[in-house]
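For the sequence shown, this note's numbering begins at 1 and goes up steadily by one.
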Amino acid sequence: MPFFRRDKTRKLITEVEVVRTKITLACTECQRRNYNMTKDKKTHPDRMETKKYCRFCKTHTVHKETK
Numbered sequence: 001m002p003f004f005r006r007d008k009t010r011k012l013i014t015e016v017e018v019v020r021t022k023i024t025l026a027c028t029e030c031q032r033r034n035y036n037m038t039k040d041k042k043t044h045p046d047r048m049e050t051k052k053y054c055r056f057c058k059t060h061t062v063h064k065e066t067k
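(1) State the DSSP-derived secondary structure class of K64, mapped to helix, strand or coil.
(2) For R20, name the three-state secondary structure that DSSP assigns.
(3) According to DSSP, is R32 helix, strand or coil?
(4) Whole angstroms is fine: what's the gap from D46's alpha carbon to C54's?
Set out below in structure tokens:
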């Protein structure tokens, strides 16, 4: 069953047009997977790295994309 949703212009968007994929970000210090995000693989083919708050380390640390 394909995924359908309507945008603001009332145009139907199908699953083929949605190219964002789900990724998981893991803390580089404690290796826990804290965040789930989506990204567009066509515009960002490399692995993602962002600085986010880790509730287990209780500091802002670098989080990297995992499999």
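For every residue, glycine included, the Cβ atom is placed at its ideal position computed from N, Cα and C.
Values in this document were obtained by computation on a predicted structure and should not be read as measured data.
If we stick to the structure as given:
(1) In this structure, K64 counts as strand in the three-state DSSP scheme.
(2) The answer is strand: DSSP assigns R20 an E or B state.
(3) Correct three-state label for R32: coil.
(4) Inter-residue distance for D46 and C54 is about 22 angstroms (C-alpha atoms, whole angstroms).
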